[in-house]
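Right, one structure below, let's go through it.
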Amino acid sequence: MPELKALLLDVDGTLADTERNGHRVAFNAAFNDAGLDWEWSEALYGKLLTVTGGKERIRFYLDQFNPGFKRPLEFDAFIANLHRAKTDHYIALTSSGAIPLRPGVRRLLEESTADGLRLAIATTTTFDNVTALLESTLGEGAVSRFEVIAAGDVVDAKKPAPDIYIWAMARLGLDADSCLAIEDSKNGLHSAHAAGIRSVLVTVNGYTEHEDFSGAGLVVSHLGDTDDPSRIIQGSMPQASWVNMEVLCALHDRCTNLLAV
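Each residue of the sequence shown is one higher than the last, beginning at 26 in the working numbering.
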C-alpha cells in the first residue's frame, strides 16, 4: 500500500474564505479604478467561480454577462492590467489581516509538518496572492513551510485540467499515490483526480457546498478544531470530530487500496 508522503493544498476557499470578501471585493475595486461600471455581486460571483483563474474569469464575465461591452483594441493588455490592479487590491486586503484561515487549517499544517509530511500548494491564484495570505495568517516567512508553490500561470491550463497538480508533483518528485489533495470545489476535485490523485479531501464553503463531489474520499464543512468540530457531508471519520493526521492517513489508505483493487 502506498505511503502518504505529501499534502497538496488548494488556497482560495480551502485555506481561507477568500472569494466572497476577498477576490470579489478586489475585482470591484479594480473595476472602479478603471472607470468601469461593473459590479460583481455575491450571487454573480458565484456563477463566475465556475471558471478558474482571474483573467479567465473577466473574459467569461464579458462573454456571458456583459457581451455589449466594447472591447479595446489591446484587449489582452486591458485584461492583464485589470487583473494586476485587482491583485494589488487583494494583497492590500489580505495584508491587513482581514481574511483569517478557515477552522483547523493552522492546526493541521502544524500536525502534518510534525508528522513528516511534505507540503505543497496547488492553486490557480497568483504567487503574490498566496504569499500575502500565508504571511498575514501564518507569519513572515510562512511560504517556506511549503516545499513547492504551484501558483498562477506556471501552467497554461487551469483547473479542472490536471496541469497544476502534475507540475507540483513533478517538483516534489512524487507520484500521485504518495499524495493527498485538499480542495474546496468540484473543479479542484476533478483536477486532482485527472492528475491521478485519488486521495482527495474536500472542505466546502458557501459557494461550493451544493456541488457534486462524487469520487471524493471525504467531504466536510471544514477541517475543524476542538471547539469547532467538522460536519461530515460525505464519507466518514470514525472516532474523530475534526480532520487530523489519523483521518488523513486512513483516508489515503482507503482510497489507494480501492485504486489497487
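Backbone N, C-alpha and C define an ideal beta-carbon position, used for all residues, glycine too.
Where residue i sits in the DSSP three-state scheme
{"i": "Leu40", "result": "coil"}
{"i": "Ile83", "result": "helix"}
{"i": "Leu243", "result": "strand"}
{"i": "Leu126", "result": "strand"}
{"i": "Asp178", "result": "helix"}
{"i": "Asp278", "result": "helix"}
{"i": "Val286", "result": "Caution is warranted here: a pLDDT of 35 is assigned to Val286, below 50, making its placement in the model unreliable, and no coordinate value can be reported."}
{"i": "Asp58", "result": "helix"}
{"i": "His235", "result": "coil"}
{"i": "Asn53", "result": "helix"}
{"i": "His108", "result": "helix"}
{"i": "Thr156", "result": "helix"}
{"i": "Met270", "result": "helix"}
{"i": "Asn46", "result": "helix"}
{"i": "Gly213", "result": "helix"}
{"i": "Ala220", "result": "coil"}
{"i": "Leu163", "result": "helix"}
{"i": "Gln264", "result": "coil"}
{"i": "Glu135", "result": "helix"}
{"i": "Phe90", "result": "coil"}
{"i": "Thr77", "result": "coil"}
Opening and closing residue of the beta strand (DSSP E) in which residue i lies
{"i": "Arg143", "result": "Arg143 to Ala147"}
{"i": "Ala311", "result": "For residue 311 there is no data in the structure shown, the boundaries of the chain being 26 and 286."}
Opposing strand residues paired with residue i [DSSP bridges]
{"i": "Glu208", "result": "Val227"}
{"i": "Val173", "result": "Ala145"}
{"i": "Ala31", "result": "Arg143 and Cys204"}
{"i": "Asp113", "result": "Asp113 is not bridged to any residue."}
{"i": "Asp253", "result": "Asp250"}
Start and end residues, alpha helix (DSSP H) containing residue i
{"i": "Ile257", "result": "Ile257 -> not in any alpha helix (DSSP H); beta strand (DSSP E) instead, spanning Ile257 to Gln259."}
{"i": "Thr150", "result": "Per DSSP, Thr150 belongs to no alpha helix (DSSP H) and is neither H nor E."}
{"i": "Gly71", "result": "Glu67 to Leu73"}
Beta carbon of residue i nearer than 8 Å to that of residue j
{"i": "Leu32", "j": "Ile191", "result": "no"}
{"i": "Thr138", "j": "Arg170", "result": "yes"}
{"i": "Val229", "j": "Ile258", "result": "yes"}
{"i": "Gly242", "j": "Gly260", "result": "yes"}
{"i": "Ile116", "j": "Ala157", "result": "yes"}
{"i": "Ser203", "j": "Leu29", "result": "yes"}
{"i": "Val76", "j": "Phe90", "result": "no"}
{"i": "Ala201", "j": "Gly221", "result": "yes"}
{"i": "Gly38", "j": "Tyr232", "result": "yes"}
{"i": "Lys72", "j": "Ala105", "result": "no"}
{"i": "Arg131", "j": "Leu163", "result": "yes"}
{"i": "Leu118", "j": "Ala51", "result": "yes"}
{"i": "Met262", "j": "Asp140", "result": "no"}
{"i": "Gly249", "j": "Val268", "result": "yes"}
{"i": "Trp65", "j": "Arg49", "result": "yes"}
{"i": "Asn53", "j": "Thr112", "result": "no"}
{"i": "Val168", "j": "Leu159", "result": "yes"}
{"i": "Gly93", "j": "Lys183", "result": "no"}
Taking contact to mean at least 3 C-beta pairs separated by less than 8 Å, is the stretch 120 to 130 in contact with the stretch 142 to 152?
-> Cβ pair count under 8 Å is below three, so no.
Assess, as a yes-or-no matter, whether the stretch 242 to 255 is touched by the stretch 273 to 281 under the definition of 3 or more beta carbon pairs within less than 8 Å.
-> Contact between the stretch 273 to 281 and the stretch 242 to 255 is present, with at least three C-beta pairs closer than 8 Å.
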